[in-house]
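Here's the structure we're looking at; comments come further down.
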Amino acid sequence: MVDMTSTASPMRKPFVLRYPSVAIFLIILALFTATITVLGEGFGIGLISTSFVKTLGKTLCLCLAALAMDLVWGYTGILSLGHMAFFGIGGYAIGMWLMYARTEIIVIESLASSALPPTAQEISDGIATQIFGVVGASEFPPIWAVAHSLPLQLAAVVLVPGLLALVFGWLAFRSRVTGVYLSILTQAMTLALSLYLFQNDSGLRGNNGLSGLQNLPGLDSVPQSTVSILFFWASALALGLGYLVCAWMVSGKFGSVIRAIRDDESRVRFLGYSVEAYKLFIFTFTAVICGIAGALYYPQAGIINPAEIAPIASIYLAVWVAIGGRGRLYGAVIGAAFVSLLSTWFTGGQAPDISLGFYTIQWVDWWTILLGLSFVAVTLFAPRGIGGLIDKFAERRAPDRHGADLGPDLGSLREKEADE
Amino acid sequence: MTLSICRALLALLLFVAPGLLQAQSSDAPVQKLLQAHAEVIQKSSRKTIGPAIDALAQSGLPEAQTVLEQWQAKDMWFNRDTGLFVFASKADGGLRVFDISDGAEIGVVDKKNYKQLKPNSGIRGLIASALVQFQLNDPDPLNRSAALTAIERDAEPSHLSALRGAIAGEQDPDLRARKNRLERLLTIRFDDDAAARLAAIDSFAGDLGVDVRATLNPLVTSEIKVSDTVPDGAVTIKAGSDELTQKQAYDLLVENGLAPALVDDGTIKETLISNIDGDRVAGVQVASLDEDAARQAAYQLLADQGLAAPLVTQDDIAEAVQQYKFYRVYTSAPLPVALAAQAVLDNIETQVALNQTADLVLDALSLASIYFLAAIGLAITFGVMGVINMAHGEFIMMGAYTGYVVQLFIPDLTLSIIVAIPCAFLVTFGAGVLLERLVIRWLYHRPLETLLATFGVSIALQQLAKNIFGTQARPLTAPAWLDGSMVLNDIVSISYIRIAIFVLALLFLALFLIVMNRTRLGLEVRAVTQNPRMASSMGINPDRINMLTFGFGSGIAGIAGVAIGLYAKVTSEMGSDYIVQSFMTVVVGGVGNIWGTLLGATMVGTLQKGIEWFNPSNTLAAQTYMILFIILFIQFRPRGIIALKGRAAEA
Amino acid sequence: MHSKLLNTTAAVLFATALPALADCPIKVGVLHSLSGTMAISETTLKDTMEMLVEQQNEAGGLLGCELEAVVVDPASDWPLFAEKARELLTVHEVDVIFGNWTSVSRKSVLPVIEELNGLLFYPVQYEGEESSKNVFYTGAAPNQQAIPATDYFLEELGVEKFALLGTDYVYPRTTNNILESYLKQKGIAEEDIFVNYTPFGHSDWSKIVADVVALGADGKKVGVISTINGDANVGFYKELAAAGISADDIPVVAFSVGEEELAGLDTTNLVGHLAAWNYFQSAESEANEAWVAAWKARMGEDRVTNDPMEAHYIGFNMWVNAATEAGSTDVDAVRAAMYGQEFPNLTGGTAVMLPNHHLAKPVLIGEIQEDGQFDIISQTEEVPGDAWTDYLPESAVLVSDWKELGCGMYNTETKSCVQIKSNY
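If you read the sequences in order, they're chains P, Z and D. Going letter by letter, the first sequence gives residues 1 to 420 in the working numbering. Going letter by letter, the second sequence gives residues 1001 to 1651 in the working numbering. Going letter by letter, the third sequence gives residues 2001 to 2424 in the working numbering.
Here's what the structure looks like:
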């Protein structure tokens, strides 16, 4: 196996110290959070606009999802093209409560002036009319049964993606669906989910989705500049915790096993490990992380609709991880942050047009092409992604370090083995 | 047609008297008649136009027919100042106007002074109906046909006798058959003689035409009524059955004033509000009325005091319904006619159901052939070579755009399609070879990365197409011989373009089988996929074979693109509509086997149509359930319907 | 209420006295997708706005300032609409935004616009049931498009049975709900209304077309009311043509098919089918001729104009006039000046801005011609846009009046304002 050295290390220094990359990451994240807080409008000097704080907060959530993707793909070798479905479910779960609670306040206020005190049914009907009026319905579908309760919806953020992943993963791994088949199957899953949600009959407002999520119920007086910073903190905290947990998971024996599954599933099975159980655990665990990331993301985005969980979103997630560098957690974070921020910059119309005399390259038109070609370039020429650069740098600095902690994924390993 | 004859006639007149700007005669009888109805004609509304058309049609004036025809063809204008009507055609910036009474040219005038009469399709239908009497015996068969169409669309009682008079003289066998059929239909609708109606009804037994059902159905309209006794000629209905639920029966009683209305929550609320006295209603505190039970109790108190209508209980409902008899009466035909119509309709309904099933099967086959066509290229690149090509959809798109570009240069539609197919093959073959050489061959052992890289190519190509062709859908027009559909009867029909796609799919299947099993290339491809090293030691160049195979698969996708573009749309995003479905088709069918792909496509197509059949109002649900089904299916047959066995399965 | 009005009036007076207060250049935000699925429709509107801004600058600008169009690309991504709107209002500090196409994108932007007190002109026909203080709706509400078209079907074409076909999203859903309720009030039985929803970009239409044909089996005239959106229309009309359905047998009236959409189609088989809009390129008026000529000169001979473009044309000019009247581009001042603002339509007649933030516009019904243009066969008087439909029980009791009542969702039964902000 690859990294027995790290787990067998006799020195039991604190976890964070054993893995300097974790410490470095957490320090950078803390510094970044502090800087943004100081520069933001909510509590700081207002150099950074609220919309940019929101963008950064959302980016942190995407990084968290990318972290999960790295765990499931980069470490375990399951290329899931459906993880954004879990991200979306998390968003929907929290969105339902946000909409319900906000609307409830409005409805109770407006019914307060009626001659008879409203019955519970009347309040519920009023809320339903307000929420579903725009999509031409006025009754609560059963799926909204617990939308009034924040704790239950928060539980749903974790449980629904977890259960879905558990069932789906159990079915898929049980019948030994692997490799590209699994990728296509997960893609079909997210497509089915998004098509389902696109229907009005799904009870989640169809194509319109849930909107106005940035307005927190009962906090109308708190300006968005403050709300955005609060969410930014929450996202940073989630990312930090997520990173810590992921790093801890991949560092020990468990990490060795999942990497071994990635490198050669059959051998691990012959060694007596229950490969399916490991895969199922990772699949479910990462789905939960994605759900949490989504629950933090969508209140900042303000709206969630089924287009968010279209297959393309999950493919982008894989691409971020690929560009950032698979098999190293910081790679996933770097990739997600780098590509999504770059994307924002290019599509925002801020990038200057390039005039070639006969033709003007407008980045709005050409950015996607550039992005597409860069996937190709990264897969062909730099399978280790941006993280690979950091590795090189780090190796040069400390050439005698035993065993890379978060082992790089040699994507072509199988090919090499076959050649030997 | 008439129009062009008239135009020719007018042109002739024009030739005879050139340049003579005649004064318009305002006292010609037809002009006078139109002037009398000028207001409604200018208003141009179907609701009010009737008298004007009738007056014109029944005027007996020789010009009436021409005026009606010109009016119908939107060639009648009127002068904004004088209000006089003219015929007119647009001529170099102005308007060439003609007198409506004799067709004489008045001259070219400024368009601003005239306003066009634009009869809408409703008015045009009325005019066509009025023209029937002139056209039914017209020497021109096209005019006679137009008259029959007008009757088919909107028949009047007067048409029956006119039609009967026009049958004997009809020489054209097709028109004669149409007239005969129409005569029978009109007999059913308008004849006073019950025996003739019954005979006509029986003659349509088993006929699947929509027109027959459209004629018979109104005869069987019925109404449910209630009274103490059941009159003769009515069918008794039991309350509480599916035909008439308890609730409906009670509503019927309320409607007829035979029972007190139900008191619903809204009424309770309103009554309570109107009886609020200080902070109390009927002695109950208003603030406590935040539950339905409390409100009902308070209402009961009001009712007891006689301030509100009493509540109606379930027992009251049952009792009231028990007291009366419910029955069905036919409202628009005498009972024997209605029953005969019902019998024929019942007979037709079974036929209709059978034929609808047949139509559904045709639809399913057609959809399956489209999926097959979209997936067959993938069956080669993914199924045989094991390369995941996410840009497959974009190759389909490239093929479709190639067809569009070819049509820009070759206006003849048939020729352009003939040219477009090889062009599309060449373009996508080239693109496929390029992709294989530049990207895929470096990644043969890394399937997951192939997926990512080709996905990158896919989004780049999509955006490139947007940059070049814009985001608008582009027209790719089928030649005239592919227009329309093959109609077996009014229920079973399929458009020619779908038949063409079906045939194309079969051709591709044959081509695939021949290439793979009967040619050297096929042999080499199979050798290379099964064992590249062994193949290369046998003198086969695996590089070349991989390149050609990939190009071949991509080229077929290009041709599929032309076909799909012809039947649906050409946009930069059309590829992504098919990509997931195509992969599913191949995976469900079983990778590496073309028959599997065929079965997969059939299954996916049939399934989707089947689900649509159960839930016709929501096509989206059908797609979701289909995908769910496929996910489950793959759980149980992970290697597809036709699974490769032995060593090939490990490749 | 009164003091607020007084304040505004005072502000107006004050601003008129000192026109130099407006800081130059005046920025006009353009929030239309230039990439992604909606780029197909929205890019045209971006070009329209750039043309309008240029024309205005040539005519001397506004309040002594140059106008500057700030274009951003929300990329058909609904959350991005909210983000870009915030960016326009806080980073670029635009004075007004012209933008959005889909309802969901508008719902995404609404909370941001209301929070930051921005001003949005929304140019597309939509499902109504909304009236935000910060949005002016220059497109048609259902009673300015769907209801008149249905009346036309009922009265002029004698349709007795309706097939409501739509893409599965909010606009068709709400519109069809309103129409169902309206048709029932008009005495059409429930079983004579067939409703079907299809996904975006649907292409397999054969069964649905067959279902529609089969509706004619009970001898009633069938008409199709189509709220099918975008690309899906191509396949729908192709299948309709293949089935040999003439407009005289089963007429189709579409609410989302305009000149732009027909450009992707061979229209020979569609002649006679209908569309209902507030504007057609074929409208005969001098203003329209000039407008079409300017557009073609700028964008190319083969480009066409359409209804949302006219909406922006009216909206932009009204905003310019209101700002001139108010002497400032301050949102509250402009809003006060907007009410009652009049501007000539391109189709003849005058559009008026109502206190419910909707326009009074004429409704046109056109028949598709072979050249891809519409022949206008019916044109009504100006119909005032209705924010809350009268044909749904929950909405019938609501009115919007920002001028007198200061409320966009006023319940006339309880005589109270349900909420000041909008439903998102």
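Using N, Cα and C, we set each Cβ at its ideal position, and we do this for glycine too. Note that the structure is a prediction, hence the values are computed from the model and not measured.
With 16 other Cβ atoms within 10 Å as the buried cut-off, status of residue i
i: residue 2230(D); result: buried
i: residue 1573(Z); result: buried
i: residue 1036(Z); result: exposed
i: residue 1075(Z); result: buried
i: residue 1020(Z); result: Residue confidence for residue 1020(Z) is low, a pLDDT of 41 falling below 50, so the modelled location carries little weight; the figure read from the coordinates is stated next. By the neighbour-count rule (16 or more Cβ atoms within 10 Å), residue 1020(Z) is not buried but exposed.
i: residue 1634(Z); result: buried
i: residue 1090(Z); result: exposed
i: residue 1539(Z); result: exposed
i: residue 311(P); result: buried
Span of the alpha helix (DSSP H), counted from its first residue to its last, around residue i
i: residue 1203(Z); result: 1194-1203
i: residue 1603(Z); result: 1594-1614
i: residue 1662(Z); result: The structure shown has nothing for residue 1662(Z), since chain Z only spans 1001 to 1651.
i: residue 2180(D); result: 2170-2185
i: residue 1376(Z); result: 1335-1378
i: residue 2240(D); result: 2232-2242
Contact set for residue i: own chain, Cβ-Cβ below 6 Å, skip 5 residues either direction
i: residue 213(P); result: 95, 98, 298, 299 and 302
i: residue 404(P); result: Confidence at residue 404(P) is low in this model, with a pLDDT of 35, below 50, so its placement is unreliable and no value can be given for it.
i: residue 2021(D); result: Note on residue 2021(D): pLDDT 47, under 50, position unreliable in the model; the coordinate value appears next. Result list for residue 2021(D): empty, nothing under 6 Å.
Closer than 9 Å at the beta carbon, the chain P residues around residue i
i: residue 2185(D); result: None at all; the shortest Cβ gap to chain P is about 17 Å.
Spatially closest choice to residue i from the options, by CA coordinates
i: residue 2425(D); options: 2084(D), 2125(D) and 2031(D); result: Nothing can be reported for residue 2425(D), as the shown portion of chain D is limited to 2001 through 2424.
i: residue 1331(Z); options: 1630(Z), 1222(Z) and 1212(Z); result: 1222(Z)
i: residue 2193(D); options: 2216(D), 2199(D), 2200(D) and 2203(D); result: 2216(D)
i: residue 1605(Z); options: 1591(Z), 1590(Z), 1251(Z) and 1584(Z); result: 1584(Z)
i: residue 2213(D); options: 2250(D), 2367(D) and 2241(D); result: 2250(D)
i: residue 1174(Z); options: 1145(Z), 1297(Z) and 1303(Z); result: 1145(Z)
i: residue 1445(Z); options: 1456(Z), 1388(Z) and 1410(Z); result: 1388(Z)
i: residue 1084(Z); options: 1385(Z), 1526(Z), 1027(Z) and 1266(Z); result: 1027(Z)
i: residue 1169(Z); options: 1187(Z), 1549(Z) and 1139(Z); result: 1139(Z)
Same chain only: Cβ atoms within 8 Å of residue i, ignoring 5 sequence neighbours per side
i: residue 2174(D); result: 2127, 2128, 2129 and 2142
i: residue 72(P); result: 78, 80, 83, 282, 283 and 286
i: residue 17(P); result: 23
i: residue 29(P); result: 236, 239, 240 and 243
Own chain, CB closer than 7 Å to residue i, minus 5 neighbours either side, in chain order
i: residue 2154(D); result: 2186
i: residue 1555(Z); result: 1425, 1428, 1429 and 1432
i: residue 318(P); result: 69, 73, 79 and 81
i: residue 2241(D); result: 2269 and 2270
i: residue 1312(Z); result: 1260, 1262 and 1263
i: residue 2304(D); result: 2259, 2260, 2263 and 2281
Partner residues on chain D for residue i, Cβ-Cβ distance less than 7 Å
i: residue 1367(Z); result: 2204
i: residue 106(P); result: 2419
Extent of the continuous beta strand (DSSP E) run through residue i
i: residue 2351(D); result: 2350-2353
i: residue 1086(Z); result: 1085-1091
i: residue 1078(Z); result: 1076-1079
Residue i: contacting residues in chain D (beta-carbon distance under 9 Å)
i: residue 1346(Z); result: Chain D residues near residue 1346(Z): none, gap ~14 Å exceeds 9 Å.
Proximal chain D residues relative to residue i, where beta-carbon distance stays under 8 Å
i: residue 1472(Z); result: 2040, 2260, 2263 and 2264
Amino acids of chain Z, ordered along the chain, whose beta-carbon sits closer than 7 Å to that of residue i
i: residue 2210(D); result: 1359
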